[in-house]
Amino acid sequence: MMRDAAAGGTAAGGAAAGREDRLALSDILCMCQIGVTEEERRERQRLAVDLELYADLEDAGRSGDLRRAIDYRDVCESVRGLLEAGSFHLVEAAARGVLDLVLARFPVRRAVVRVRKFVLPRVGHVEVQMERSR
1 MMRDAAAGGT AAGGAAAGRE DRLALSDILC MCQIGVTEEE RRERQRLAVD LELYADLEDA
61 GRSGDLRRAI DYRDVCESVR GLLEAGSFHL VEAAARGVLD LVLARFPVRR AVVRVRKFVL
121 PRVGHVEVQM ERSR
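Residues 1 to 134, numbered by the working numbering, are exactly what the sequence shown covers, in order.
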């Protein structure tokens, strides 16, 4: 179904100019081999990942059709798979890997990732935030 782009809709399945909706995923938990020192890397460490995915979600919202949506279960499984199978020295590298994965696999224009590592004594967590666009 075609809608008039001037009326805020999309034509022929294209995204309306400037429309940017947000899908947020909080506390995607996984165990990851991460760290610089041998002691840090000896055992997997818990990471928590937050994602903000920006895309045009209008068609999914109107149709209720998962095929027109970003399948957040698939996003979570993909992020966990990457981090649990991978090995990273820095939290920054893990965050960049998540961004690369999300931008390559899912129909998003922009993504923000926050990765938290709970390792330092007397510190709640260390967090790295990165943002990338297509």
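Note that beta-carbon positions come from the ideal geometry of N, C-alpha and C, so glycine has one too. Because the structure is a prediction, the values reported are computed rather than measured.
Cβ neighbour criterion (16 or more within 10 Å) applied to residue i
i: F118; result: exposed
i: D100; result: exposed
i: R122; result: exposed
i: L120; result: exposed
i: V36; result: exposed
i: V126; result: exposed
For residue i, the three-state DSSP class (helix, strand or coil)
i: L90; result: coil
i: A48; result: strand
i: D27; result: strand
i: D21; result: strand
i: L66; result: helix
i: R41; result: helix
i: V36; result: coil
i: L82; result: helix
i: V119; result: coil
i: L145; result: With the chain covering only 1 through 134, there is no way to say anything about residue 145.
i: V108; result: coil
9 Å Cβ cutoff met for residue i and residue j
i: H89; j: I28; result: no
i: M130; j: E84; result: no
i: A69; j: L57; result: yes
Through-space distance from residue j to residue i, alpha-carbon basis
i: R44; j: C32; result: 5 Å
i: L103; j: D71; result: 14 Å
i: D50; j: L25; result: 6 Å
i: G61; j: V112; result: 22 Å
i: D59; j: L66; result: 10 Å
i: C76; j: A95; result: 14 Å
i: R46; j: R116; result: 8 Å
i: D21; j: R132; result: 16 Å
i: R109; j: E39; result: 39 Å
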